[in-house]
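Peer 1: Attaching a single structure in structure tokens format; questions to follow.
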Amino acid sequence: MIDELKGEALFIRENVKKHHEFFGSALPMIASENIMSPLAQEMLISDFHNRYAEGHPGARYYQGNEYVDAVERKVIELAKRLFRAEYADVRPISGTVANLAVLFALAKPGDKITTYSVSDGAHISTAKFGAVGVRGCEPVPYPFDRENMNIDVDGTIKLIKEIKPKIALFGCSVYLFPTPLKDLQDAFQEADCYVWYDGAHVLGLIAGGKFQDPLREGVHVMTGSTHKTLPGPQRGIILANPKHEKMRKKLDYGVFPGVVSNHHLHTMAALGITLAEHIVFGKEYAEQIVRNAKALGQALYERGIDVLCPHLGFTESHTLVADVSKNGGGAYVAEALEKAGIIVNKNLLPWDDVDSAMNPSGIRIGVQELTRIGMKENDMVDVAEIMKKVIIDGKDPKEVRKEVAELRKNFTKIHYCFTSNAEAYKYYELVKGVG
Ligand SMILES: *Cc1c(COP(=O)(O)O)cnc(C)c1O
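For the numbering used here, count along the sequence shown from 1 and bump the result up by 4.
Right, here's the structure in full:
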């Protein structure tokens, strides 16, 4: 019995190891993923993981939080500094949980919330069948300009003035171009609504001074995941310039006791390290991400792949979208690329039926992780050439897999952070020795 179950445990460990080997020789290009710095990674195996800390530093429900309090105060301070926000709550344990907290705080069942629709790039948490629906709110979609992959500004102004939503929400999982928030100010005023920006995908770009700066563009509250373009732990955050003192209290209450009990202290510590590193390296990192995305878009386009929005330079973020319906469709292409060690996801395009989510026309590509391992514009051309062999030439993915592994050998370090892997692992040994 013991031996059998030990075997099961080792089976799990073995597969995690295989996963490491697979990703270490692949090109990870899922737009919502990233890798943490070695210093941040260490925090995940610390004793912080074993503890509880409910409430706020200095006002806890359990004892033993002296050092947790010191860390949490520092993480809040770093978050406010990086995002130039008056208010930061670092306790949400994912982007969806951050969104639930805001919904819990600022909306009631039956309230209308204007938002992107899922086929135009919204995240499920802002849909009727996701968190917005769970709160009992009514999502009302913005009119969308497919040509430019953005909201239709005139239509959106009209919609907000007409609907007078409780919240005007902006944020996408396919976010190619900034939302023209400045053009909507009058409409926000007239509707007297909360303005909420879900920056999950683009948080690292925003913090690096790219894409847009929602808190300076009339937004009251910004949520996000901390593990997409911000290369931190899988976690969430709420940043705000509260409209009034009451809003501050509501947001606080929305998180705890609203939707978070203990808030996963090890990932909180990792977030703090990520924020400090992003204050130093974020600008350089964000700029390289956008340059790489544009370079990859251009190189794919030149090789006959239908990357959207060539007339706009393909993207202003880390994300590209390609229509691969003529190449076998999103599901087929994503699977073929996976066999070659190139990891992307199939994705709905605005003209797809929502029911075709399992076989949509598009693929979504992100360059934030390739940038993090040190790739530059010329490497994007190599990546495009390899992708073309699968998508256009129909070359055997197993053959292409070898080329991918060969290319990847040149990129083994994590960039835009304080320590090398080797330095960090010394500390890793230390932490392992404790308790
Ligand atoms: C990823 C994402 C989220 C939240 O995702 P989690 O996996 O819960 O962190 C929320 N909104 C948008 C727009 C996203 O892309």
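Quick reminder that beta carbons are idealized off the backbone N, C-alpha and C, glycines included. Note that this is a predicted model, so its numbers are computed, not measured.
(1) Should VAL438 be labelled buried (16 or more other beta-carbon atoms within 10 Å of its own) or exposed?
(2) I'd like to check one pair, MET153 with VAL178: are the Cβ atoms closer than 9 Å?
(3) Residues in its own chain within less than 8 Å of HIS268 by CB, not counting five upstream and five downstream?
(4) Can you check which of these residues, HIS23, ASP93, LEU48, is closest to VAL259 by C-alpha distance?
(5) I believe LEU374 touches ASN296 by the beta-carbon criterion, under 8 Å. Please report the beta-carbon distance rounded to the nearest angstrom.
(6) Roughly how many angstroms lie between the CA atoms of ALA280 and ASP397, to the nearest whole one?
(7) Measuring straight from C-alpha to C-alpha, what distance separates GLY11 and VAL157?
(8) As an exercise, report each continuous alpha helix (DSSP H) stretch of at least 4 residues that is fully enclosed by the segment 346-401, in chain order.
(9) Alpha carbon to alpha carbon, how far is ALA44 from VAL435? Give it in angstroms, no decimals.
(10) Take VAL263 and list the residues in its own chain whose beta-carbon comes closer than 8 Å to its own, dropping the five residues that flank it on each side.
(11) What does the alpha-carbon distance come out to for the pair ASP327 and ASP310?
(12) Report all residues from its chain with a CB closer than 7 Å to the CB of TYR336; omit the five preceding and five following residues, and keep chain order.
(13) With DSSP run on the structure shown, which of helix, strand or coil describes VAL94?
(14) Would HIS205 and ALA35 be called neighbours here (beta carbons separated by less than 9 Å)?
(15) Quick check: does the Cβ of GLY114 come within less than 8 Å of any heavy atom belonging to ligand 1?
(16) Tell me the DSSP secondary structure of LEU324 in three-state form.
(17) Once DSSP output is grouped into helix, strand and coil, what is the label at ASN154?
(18) Rounding to the nearest angstrom, what Cα-Cα distance links LEU207 and LYS232 in this structure?
(19) Taking C-alpha atoms, which residue in GLU381, LEU316, ARG405, GLU410 lies nearest to ARG150?
(20) Quick one: is the Cβ of LYS232 within less than 8 Å of any heavy atom of ligand 1?
(21) Sort out for me which residues DSSP pairs PHE199 with in a bridge.
(22) For the segment 221-255, which segments carrying the alpha helix (DSSP H) assignment without a break, of at least 4 residues, lie completely within its bounds, in sequence order?
(23) Just the Cα atoms here: how many angstroms apart are CYS197 and PRO169?
(24) For TRP355, count neighbouring C-beta atoms within 10 Å of its own C-beta (all shown protein chains included) and say buried if the count is 16 or more, exposed if not.
(25) What span of residues does the alpha helix (DSSP H) with GLU281 cover, start to end?
(26) Does the beta-carbon distance from GLY366 to VAL408 come in below 9 Å?
(27) Can you tell me whether ALA303 is buried or exposed? The criterion is at least 16 other CB atoms within 10 Å of its CB, across all chains shown.
(28) In three-state terms, what does DSSP make of ILE117?
(29) Compare the Cα-Cα distances from ASN349 to each of ALA338, ASP359, VAL358 and report the closest residue.
(30) Who are the Cβ neighbours of ASN69 in its own chain at under 7 Å, not counting the five residues just before and after it?
(31) Name the one or two DSSP bridge partners that PRO147 has.
(32) Is there contact between the segment 75-89 and the segment 110-129, where contact requires at least three CB pairs shorter than 8 Å?
(33) Can you tell me where the alpha helix (DSSP H) holding VAL206 begins and where it ends?
(34) For the alpha helix (DSSP H) containing ILE6, list its first residue and its last residue.
(35) Give the straight-line distance between the Cα atoms of GLY137 and LYS116, rounded to the nearest whole angstrom.
(36) Nearest to SER329 by alpha carbon, out of SER321, ASN351, PRO314?
Peer 2: With the given structure in hand:
(1) Here the question's residue 438 lines up with position 434 in the sequence shown. Only weak support exists for where VAL438 lies, its pLDDT of 43 falling under 50; the value from the coordinates is given anyway. Around the CB of VAL438, fewer than 16 other CB atoms lie within 10 Å, so the residue is classed as exposed.
(2) Position 174 of the sequence shown, counted from the first residue, corresponds to residue 178. Position 149 of the sequence shown, counted from the first residue, corresponds to residue 153. In this structure, MET153 lies closer than 9 Å to VAL178 by Cβ.
(3) Against the sequence shown, residue 268 aligns to sequence position 264. Around HIS268, the same chain offers HIS53, ILE97, ARG239 as residues with beta carbons nearer than 8 Å, after the five sequence neighbours per side are excluded.
(4) Start at 1 with the first residue of the sequence shown, and residue 259 comes out as number 255. It is ASP93.
(5) The count along the sequence shown starts at 1 and reaches residue 374 at position 370. The count along the sequence shown starts at 1 and reaches residue 296 at position 292. Confirmed, Cβ separation roughly 7 Å.
(6) One-based indexing of the sequence shown puts residue 280 at position 276. One-based indexing of the sequence shown puts residue 397 at position 393. Distance between ALA280 and ASP397, taken at the CA atoms: about 44 Å.
(7) Residue mapping note: residue 11 aligns to position 7 of the sequence shown, counting from 1. Residue mapping note: residue 157 aligns to position 153 of the sequence shown, counting from 1. Rounded to whole angstroms, the gap between the alpha carbons of GLY11 and VAL157 is 59 Å.
(8) Counting only runs of 4 or more, we get 372-376, 381-395.
(9) On the sequence shown, residue 435 is found 431 positions in, with the first residue counted as 1. On the sequence shown, residue 44 is found 40 positions in, with the first residue counted as 1. For VAL435, the pLDDT reaches just 49, beneath the cut-off of 50, and the residue's location in the model is therefore unreliable, although a value from the coordinates is still provided. Going from the Cα of VAL435 to the Cα of ALA44 covers about 13 Å.
(10) As a first step, residue 263 must be located in the sequence shown, where it is residue number 259. In chain order, PRO96, VAL101, LEU104, ALA105, PHE108 place their CB closer than 8 Å to the CB of VAL263, counting only its own chain and leaving out the 5 sequence neighbours on each side.
(11) For the purposes of this step, residue 327 is identified with residue 323 of the sequence shown, where counting begins at 1. For the purposes of this step, residue 310 is identified with residue 306 of the sequence shown, where counting begins at 1. Looking at the two C-alpha atoms, the distance is approximately 5 Å.
(12) The count along the sequence shown starts at 1 and reaches residue 336 at position 332. Nothing listed; no residue qualifies.
(13) Residue numbering aside, residue 94 sits at position 90 when the sequence shown is read from its first letter. In the structure shown, VAL94 sits in coil (DSSP, three-state: anything other than H, G, I, E or B).
(14) To locate residue 205, count along the sequence shown from 1; it is residue 201. To locate residue 35, count along the sequence shown from 1; it is residue 31. With a cutoff of 9 Å on beta-carbon distance, HIS205 and ALA35 are scored as near each other.
(15) Position 110 of the sequence shown holds residue 114. Relative to ligand 1, even the nearest heavy atom lies 8 Å or more away from the CB of GLY114.
(16) Against the sequence shown, residue 324 aligns to sequence position 320. It is a strand residue.
(17) If you number the sequence shown from 1, residue 154 lands on position 150. Of the three classes helix, strand and coil, the one that applies to ASN154 here is strand, per DSSP.
(18) In the sequence shown, the residue the question calls residue 207 occupies position 203. In the sequence shown, the residue the question calls residue 232 occupies position 228. Each residue's Cα considered, the two are about 8 Å apart.
(19) Here the question's residue 150 lines up with position 146 in the sequence shown. Of the listed residues, the one whose Cα sits closest to ARG150 is LEU316.
(20) Working through the sequence shown from its first residue, we reach residue 232 at position 228. Under cutoff, so the answer is yes.
(21) Here residue 199 is taken as the residue at index 195 of the sequence shown, counted from 1. Reading the sequence as shown, one finds Val at residue 199 and not Phe. Residue pairing by DSSP puts VAL199 in a beta bridge opposite ALA172.
(22) Complete alpha helix (DSSP H) runs here, min 4: none at all.
(23) Residue mapping note: residue 197 aligns to position 193 of the sequence shown, counting from 1. Residue mapping note: residue 169 aligns to position 165 of the sequence shown, counting from 1. So the two alpha carbons sit approximately 6 Å from each other.
(24) Counting from one through the sequence shown, the residue named residue 355 turns up at place 351. Sixteen is the threshold: since fewer than 16 other Cβ atoms of the shown chains lie within 10 Å of the Cβ of TRP355, the residue is exposed.
(25) Working through the sequence shown from its first residue, we reach residue 281 at position 277. Per DSSP, GLU281 belongs to the alpha helix (DSSP H) from 269-306.
(26) Translated into the one-based positions of the sequence shown, residue 366 becomes position 362. Translated into the one-based positions of the sequence shown, residue 408 becomes position 404. Not closer than 9 Å, so no.
(27) By one-based count along the sequence shown, residue 303 stands at place 299. ALA303 comes out buried.
(28) The residue labelled residue 117 in the question sits at position 113 within the sequence shown. If DSSP states are grouped into helix, strand and coil, ILE117 belongs with the strands.
(29) Locating residue 349 in the sequence shown gives position 345, counting from the first residue. ASN349 has its Cα closest to that of ALA338, out of ALA338, ASP359, VAL358.
(30) To locate residue 69, count along the sequence shown from 1; it is residue 65. Hits under 7 Å: ALA57.
(31) Taking the first residue of the sequence shown as position 1, residue 147 is located at position 143. Answer by DSSP bridge pairing: none, since PRO147 is not bridged.
(32) By the Cβ rule, the segment 75-89 does not count as touching the segment 110-129, because fewer than three pairs are nearer than 8 Å.
(33) Translated into positions along the sequence shown, residue 206 becomes position 202. Segment: none, VAL206 is in no alpha helix (DSSP H) and carries neither H nor E.
(34) Taking the first residue of the sequence shown as 1, we reach residue 6 at position 2. Annotation: the continuous alpha helix (DSSP H) that includes ILE6 extends over 6-28.
(35) Here residue 137 is taken as the residue at index 133 of the sequence shown, counted from 1. Here residue 116 is taken as the residue at index 112 of the sequence shown, counted from 1. Straight through space, the alpha carbons of LYS116 and GLY137 are spaced by roughly 11 Å.
(36) On the sequence shown, residue 329 is found 325 positions in, with the first residue counted as 1. Proximity to SER329 across SER321, ASN351, PRO314 peaks at ASN351, based on C-alpha coordinates.
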